[in-house]
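Read left to right, the sequence shown gives residues 9 to 502 (my numbering).
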Amino acid sequence: HYEYRSLNKLDTSETAMDVKEEFRRVPIPEDAEIGMFGGDALLTLRSEWCPPGTSTTFPSGSMLVHPISRVMEDDWEGTKVLFQPTDSISLQSTTTTKDYLVLSVLDNVRTRLVIWRRDSSGWTELNSSEDAVPVGEDVDISCTNRDDSVTNSVFITRSGFLTPDTLEYLPDVSHILEKDKSSNIEKLKSNPAMFQSSNLLVEQHVATSLDGTPIRYFLIRRSNDDGFNFNGKNPTLLDAYGGFEISMLPYYSASVGRAWLESGGVKVIANIRGGGEYGPSWHQSALKSNRNKCFEDMEAVAQDLIARKITCQEKLACIGGSNGGLLVGNLLTRPLSSKLFGAAVCQVPLLDMKVYSRLLAGASWMAEYGDPDKEEEWSFLRKFSPYHVLRHDILNEPEEAAPLSLDEAAQPDWKCPKVLFTTSTRDDRVHPGHARKMVRALIEEAQPRGLADTVHYWENVEGGHGGAADNKQRAKMWALTYSFLKQTLGLEGN
9 HYEYRSLNKL
19 DTSETAMDVK
29 EEFRRVPIPE
39 DAEIGMFGGD
49 ALLTLRSEWC
59 PPGTSTTFPS
69 GSMLVHPISR
79 VMEDDWEGTK
89 VLFQPTDSIS
99 LQSTTTTKDY
109 LVLSVLDNVR
119 TRLVIWRRDS
129 SGWTELNSSE
139 DAVPVGEDVD
149 ISCTNRDDSV
159 TNSVFITRSG
169 FLTPDTLEYL
179 PDVSHILEKD
189 KSSNIEKLKS
199 NPAMFQSSNL
209 LVEQHVATSL
219 DGTPIRYFLI
229 RRSNDDGFNF
239 NGKNPTLLDA
249 YGGFEISMLP
259 YYSASVGRAW
269 LESGGVKVIA
279 NIRGGGEYGP
289 SWHQSALKSN
299 RNKCFEDMEA
309 VAQDLIARKI
319 TCQEKLACIG
329 GSNGGLLVGN
339 LLTRPLSSKL
349 FGAAVCQVPL
359 LDMKVYSRLL
369 AGASWMAEYG
379 DPDKEEEWSF
389 LRKFSPYHVL
399 RHDILNEPEE
409 AAPLSLDEAA
419 QPDWKCPKVL
429 FTTSTRDDRV
439 HPGHARKMVR
449 ALIEEAQPRG
459 LADTVHYWEN
469 VEGGHGGAAD
479 NKQRAKMWAL
489 TYSFLKQTLG
499 LEGN
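Structure follows, in structure tokens:
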């Protein structure tokens, strides 16, 4: 048996029980994750590590297997690598059955399955199928029995931008890699299709960020046969998150389909830094003082969409909530991005980074953003605090602390894109005060100067961090959102 203790959101510690039923610490890195397969320990690294007594350094994101008895003796000789990441491949999740370990791997943000078999001779990797999961779809594998040591049968849950959630049964998980596996898979049930998708397609493209990093994004649009034109005039909604190692993977959204895609809109999901699409290092590359990488990545995707003649500035909008709201807030106030977007939707956002850590759940996010009460960390937090950038750098309102130098702050031709802010009075994670004070500054200070023509604000009195307490309120929130986007970007249709 082993016991798991969490130190904070980004660091963990493990302990294990020895034969005398006394807990002893497992001698692994504090931020590593551990699991068991029979008598073997499965170790997933979140940082680079060279096991004691060896000369091999395993990169962050690797998965290792080693007998737990030898792990407890701190003897790492002969450790086997089950997965090792590259610049384009990362480990997303794992599933265990009686004889198999299934790795769900993201290969340039496209899901691929890798299967290892464990028998008396050790671990053997089975040949994998490169096209097991189509672009724009995702799969989740789970054992059919709560005790995964008794069966190799699995449930397969499929979903995608154009594919409603579908549940399937496979009697032996190893069959999933076969080219003709349809005869083995039994479809159990599926959610109904909520929008017309036969005329839609999903593509994956690559933009190049400011520092040369390739940034992949999914694009959902009408097919060329259905009248799509590369004329730079297509209303386009760009969505991203960029934080907390959360990956933006394919998912089915009835509201996006009915309210946006069926009317001819284009939806884009960007896999920017800060997420988990390429493993821990992709997330860590945008922490604290490197937060600007998220914003630069979004600017690169927006520019790429314009260069491909998908859309133009007047027809391009960005949307994001929570940490994604912080992202949108920065896109509104940065010199370049404020000129790339014609509209924005900023949902339950973090915007005042000076006080965020003292409000509600904010203190638990300091490993992600930094501590504003430390002078050295506030120096970089200040640069991506949209409220401060707006009031003090753009509008030149007085500030207690010294503002940024003129060459960093000067934005003589800045103008706020048309924007809708949404929040909830009862948000128990991000305080609604973030959105309230930003809107006040835009309406009372920027608007009279002709710098913010269109500013809308909707605060639901219920709903928590989701912004709505039930489906009726949720429907109203999204109806407001898509009505704003359609009117602003000129999208005709239902």
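No residue lacks a Cβ here, since even glycine has one placed at the ideal position from N, Cα and C. Computed from a prediction, not measured in an experiment: that's the story for all the values here.
Per DSSP, reduced to three states, the secondary structure at phenylalanine 31 is strand. For isoleucine 42, the closest of Met71, Cys58, Thr65 by C-alpha to C-alpha distance is Met71. The DSSP assignment places complete beta strand (DSSP E) segments of no fewer than 3 residues inside the stretch 98–168 at 108–115, 119–127, 130–133, 145–151, 162–168, in order along the chain. DSSP, read as helix, strand or coil, puts tyrosine 249 in coil. Residue burial annotation: threonine 64 is exposed, with fewer than 16 other C-beta atoms found within 10 angstroms of its C-beta. Per DSSP, isoleucine 254 has no beta bridge partner at all. Membership of leucine 72 in any alpha helix (DSSP H) is not indicated; the residue belongs instead to the beta strand (DSSP E) covering 71–75.
Close CB contacts of valine 73 within its chain, under the 6 Å cut and outside five residues either way in sequence, are with Asp48, Leu50, Lys88, Leu90 (chain order). Rounded to the nearest whole angstrom, the CA to CA distance from tyrosine 260 to valine 397 is 36 Å. For the pair methionine 446 and tryptophan 466, the Cα-to-Cα distance works out to about 13 Å.
Shown here, glutamate 467 sits in a strand according to DSSP, grouped into three states.
If you draw a 10 Å sphere on the C-beta of threonine 94, you find fewer than 16 other C-beta atoms in it, and that means exposed. Contact annotation: leucine 208 and leucine 170 have beta-carbon atoms nearer than 7 Å. Separation of glycine 273 and tyrosine 177 (C-alpha to C-alpha, rounded to the nearest whole angstrom) is 35 Å. Remark: C-beta atoms of lysine 241 and lysine 347 do not approach each other more closely than 7 Å. With a cutoff of 7 Å on beta-carbon distance, alanine 449 and threonine 431 are scored as not near each other.
Annotation for cysteine 354: no alpha helix (DSSP H) segment contains it, though the beta strand (DSSP E) segment containing it runs 351–355.
The three-state secondary structure of arginine 229, taken from DSSP, is strand. The three-state reading of DSSP puts tryptophan 268 in helix, counting H, G and I together. Under the three-pair Cβ rule at 8 Å, the stretch 288–295 does not count as touching the stretch 307–319. Using a Cβ distance threshold of 7 Å, glycine 282 and phenylalanine 203 do not count as a contacting pair. Comparing alpha carbon positions, the residue from Thr165, Asn135, Ala454 closest to leucine 185 is Asn135. Judged by DSSP in its simplified three-state form, phenylalanine 492 adopts helix. Between leucine 245 and alanine 375, the C-beta spacing is not below 7 Å.
With 16 or more other Cβ atoms from the protein chains shown falling within 10 Å of its own Cβ, aspartate 247 counts as buried. Asparagine 160 places its beta carbon less than 7 Å from that of aspartate 180. Bounds of the beta strand (DSSP E) holding glutamine 212 are 208–216. By the CB criterion at 7 Å, glycine 350 and glutamine 311 fall outside the cutoff.
Ranked by how close their Cα comes to the Cα of arginine 437, the residues His464, Val356, Gly332 have Val356 in first place. Using a 10 angstroms sphere on the CB of arginine 154, the tally of other CB atoms stays under 16, which defines it as exposed.
If you draw a straight line from the Cα of glutamine 100 to the Cα of valine 113, it is about 5 Å long. Look at glutamate 500 here: in three-state DSSP terms it is coil, with no helix or strand label. Using a 10 angstroms sphere on the CB of glycine 168, the tally of other CB atoms reaches 16 or more, which defines it as buried. Rounded to the nearest angstrom, the Cβ distance from glycine 378 to lysine 296 is 5 Å, consistent with a contact under 8 Å. Counting only the Cα atoms, histidine 183 lies some 60 Å from isoleucine 451.
Residue state for isoleucine 184 is assigned as helix, using DSSP reduced to three classes.
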